[in-house]
Ligand code: EPZ
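Residue numbers (this note's numbering): 0 to 423.
Okay, structure coming up:
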């Protein structure tokens, strides 16, 4: 069983450059289906979710050339299938991002129903409702969604019940070549949505308002292949900034736009971190103690749910009590049970985590329930007394490129170990 083992108490110093954003790259890859021909994506993170999306595209008929660690040439000229393989969608629910592009290109799609995961049920009812408004008909059988467009795709006004990132993306990609104009109200505003809209417009689409709650898409005849650079990963950056905050050391985190972490930076400053921003990153330090704050996770520009485990871990060492409220996923506090094993004092009341600061954490064997919690557990190990071994690290590999190498590059004593499986 592969684990990450951390020895607490070692100082961090130096600089870490984050990769391209996982939650943009996966959708940009799917969007290449819309533009038959050679699309070049740069600053693509070298993570297992990208490898899975590559497999999905190849199954559909795309040709992918890895040109260096972070460059993918995705030629979708010969994409001639519209069914995504069940075994890949089950592995990575973000594969559902190919649904909109396939419906636009072929007028139909067969996509496996994505399972839930540790953090929640992860339904796609809002994707379905929005696509039905555009003229898509859905049937379901044997775990597959069958989408068809008997009368083609016609632009219309859609209002999302919740500012769903995935639903906004699928709707944008289904609307780009629909007849007429589509508006998406209560659209997700995440920087990754803006990155996708920018690439669609570079392909010849007419998407206006991305980053605001109202996106307008005027349908065009066709799109052409492009070169596009993936936006820096603000969540990977926030994770490393939280590590500097946790240990109290001064490090620089670069390769992302600080404005894409707006509220996180302000909340971190309230907690007691000093953050000096520049155009490509921030320098984090912490002159004093960690202070308690209350956090509400919300769609962007609210505090991102993908930073909730990291800030919760940091608050376990604050000089007071904090309340973290998770409004986006219904089950994203599972990792708190693991934090208790390290001596944290957290009580879960429904969507609220009540955190009473403790003097210190102690190293222990813990299990990552998802990728962000996995990063938070490793981060906690940096300051815990003794050794912390984090298992289920395949979750971390899904979204953090060269995680251990980046940590050791900052001076942390962290290593990947292959422990013998327990004989039951
Ligand atoms: C994206 O997931 C990200 N994943 C998530 O990051 C991120 O936490 C989330 O957006 C919110 O920012 C990718 O981009 C690959 P949603 P997504 O649709 O699109 C419910 C990470 O750690 N919902 O905004 O699935 C849903 O169940 C991952 O990198 C419906 O009920 O998020 C959830 O509770 C974790 N019906 C909430 O809305 C729908 O049709 C937010 O989901 C769609 C969503």
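From the three backbone atoms N, C-alpha and C, an ideal C-beta is built for every residue, glycine too.
All values reported here derive from a predicted model rather than from experimental measurement.
Pick from 362, 332 and 355 that is closest to residue 349, judged by C-alpha positions: 332
Selection from 373, 317, 161 and 238 that minimises the alpha carbon distance to residue 326: 161
Bounding residues of the alpha helix (DSSP H) (the contiguous stretch that carries residue 129): 124–132
Identity of the residue in 393, 252 and 187 nearest residue 17 by Cα: 252
Residues sharing a beta bridge with residue 104, DSSP: Answer is none; residue 104 lacks a bridge partner.
For residue 397, the first and last residue of its enclosing alpha helix (DSSP H): 393–398
Opening and closing residue of the alpha helix (DSSP H) in which residue 427 lies: Within the shown structure, residues of the chain are numbered from 0 to 423, placing residue 427 beyond reach of any answer.
C-alpha gap between residue 324 and residue 188, whole angstroms: 20 Å
7 Å Cβ shell around residue 21 - same chain, five flanking residues per side excluded: 44, 46, 48, 232 and 398
Helix, strand or coil at residue 86 according to DSSP, with G and I counted as helix: helix
Assigned exposure category for residue 65 - 16 Cβ within 10 Å defines buried: exposed
Neighbourhood of residue 282 by C-beta, 7 Å cutoff - its chain only, sequence neighbours within 5 removed: 249, 251 and 275
Any non-hydrogen atom of the ligand EPZ within 6 Å of residue 371 CB: yes
Simplified DSSP assignment, three categories, for residue 352: strand
Three or more C-beta pairs below 8 Å linking the segment 23–35 and the segment 216–228: yes
Contact under 7 Å by Cβ, residue 91 with residue 51: yes
Beta-ladder partner(s) of residue 253, from DSSP: 16 and 280
Assigned secondary structure, residue 287 (DSSP; H/G/I helix, E/B strand, else coil): coil
Inter-stretch contact at 8 Å, needing at least 3 Cβ pairs: the segment 201–219 / the segment 175–184: yes
Exposure label - residue 320; buried when at least 16 CB within 10 Å: exposed
For residue 305, the nearest candidate out of 296, 312 and 313 (CA to CA): 296
Which listed residue (266, 394 and 380) has its alpha carbon closest to that of residue 414: 380
Delimiting residues of the alpha helix (DSSP H) encompassing residue 190: 190–201
Residue 120 burial status per 10 Å Cβ neighbour count (16 or more: buried): exposed
Residue 232 (DSSP reduced to helix, strand or coil): coil
Heavy atom of the ligand EPZ within 6 Å of residue 267 beta-carbon: no
Enclosing beta strand (DSSP E) for residue 365 [first to last residue]: 364–366
Other residues of its chain near residue 209: CB distance less than 7 Å, five sequence neighbours each side excluded: 192, 193 and 196
Residues bridged to residue 412 [DSSP beta-bridge criterion]: 6
Any non-hydrogen atom of the ligand EPZ closer than 6 Å to residue 417 Cβ: no
The segment 148–155 in contact with the segment 74–88 per 3-pair CB rule at 8 Å: no
Contact test: residue 161 Cβ vs the ligand EPZ heavy atom, cutoff 6 Å: yes
Bounding residues of the alpha helix (DSSP H) (the contiguous stretch that carries residue 118): That residue, residue 118, is in no alpha helix (DSSP H); it is neither H nor E in DSSP.
Nonlocal neighbours in the same chain, by C-beta distance under 7 Å from residue 155, ignoring five residues either side: 132, 133 and 181
Cβ-based burial, residue 163 [other Cβ within 10 Å; buried from 16]: buried
Closer than 6 Å: residue 54 CB and nearest the ligand EPZ heavy atom: no
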